[in-house]
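Trainee: A single structure is presented below for examination.
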Amino acid sequence: MSLVILGLAAPPAVSAEAGGPAAPAVVCGTDGSTGLAVSAGSAGDCALALRVADAYTKAGLREGGAVTVVRADGSVWRCQERQGDPNPYQECVDATDTARHITLTS
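If you count by mature numbering (1 follows the signal peptide of the UniProt record, and there is no 0), then the sequence shown holds residues -16 to -1, 1 to 90, one letter each, in order.
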């Protein structure tokens, strides 16, 4: 008989200076299309974060930093790939409140 143990942990918040996603502190779940983890600044932003991630992945993730503009719940988000350390990640920023960030990470 063998025993398999699987440990899952939320990705750590990493500052932009360290080469990773800046603001997200709460893992909201996964994007249904890509399976990427979706994170937001607070648990109260999770429902919106998942809708923004869905709109972004439906619009087509673009590599190399090209910006994709998506709309969710009446707000406009600018999404693009960013270089993390070591892996790239996707980030969406609210066009009217740049303090609001959503990230998609593997």
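Ideal Cβ placement from N, Cα and C applies to all residues, glycine included. Bear in mind the structure is a predicted one, so any value in this text is a computation, not a measurement.
Give me the Cα-Cα distance between A43 and T82, rounded to the nearest whole angstrom.
Mentor: Here residue 43 refers to the residue found at position 59 of the sequence shown. Here residue 82 refers to the residue found at position 98 of the sequence shown. For A43 and T82, the distance between alpha carbons rounds to 21 Å.
Trainee: Taking the C-alpha atoms as reference points, what is the distance between Q67 and T89?
Mentor: Numbered from its first residue, the sequence shown carries residue 67 at position 83. Numbered from its first residue, the sequence shown carries residue 89 at position 105. When rounded, the distance between both Cα atoms is 11 Å.
Trainee: Answer yes or no: do T41 and S17 have a C-beta to C-beta separation smaller than 7 Å?
Mentor: Residue numbering aside, residue 41 sits at position 57 when the sequence shown is read from its first letter. Residue numbering aside, residue 17 sits at position 33 when the sequence shown is read from its first letter. A contact, by the Cβ cut-off of 7 Å.
Trainee: By a C-beta neighbour count over all protein chains shown, 10 Å radius and 16 as the cutoff for buried, is A27 buried or exposed?
Mentor: The residue given as residue 27 occupies position 43 in the sequence shown. Flag for A27 reads exposed.
Trainee: Does DSSP classify R62 as helix, strand or coil?
Mentor: Locating residue 62 in the sequence shown gives position 78, where the first residue counts as 1. R62: strand per DSSP, three-state reduction.
Trainee: Just list the residues that DSSP pairs G13 with in beta bridges.
Mentor: Sequence index remark: in the sequence shown, residue 13 carries index 29 (1-based). In the DSSP output, where bridge partners are listed per residue, G13 has V22.
Trainee: Could you tell me the boundaries of the alpha helix (DSSP H) in which L45 lies?
Mentor: Looking up residue 45 in the sequence shown gives position 61. Segment: none, L45 is in no alpha helix (DSSP H) and carries neither H nor E.
Trainee: Which two residues bound the contiguous beta strand (DSSP E) that contains R55?
Mentor: Here residue 55 corresponds to residue number 71 of the sequence shown, with the count starting at 1. First-last of the beta strand (DSSP E) with R55: T52 to A56.
Trainee: Can you name, in chain order, every residue of its own chain whose Cβ lies under 6 Å from the Cβ of V77, other than the five neighbours on each side?
Mentor: Start at 1 with the first residue of the sequence shown, and residue 77 comes out as number 93. Closer than 6 Å at Cβ, skipping near neighbours: R62 and H85.
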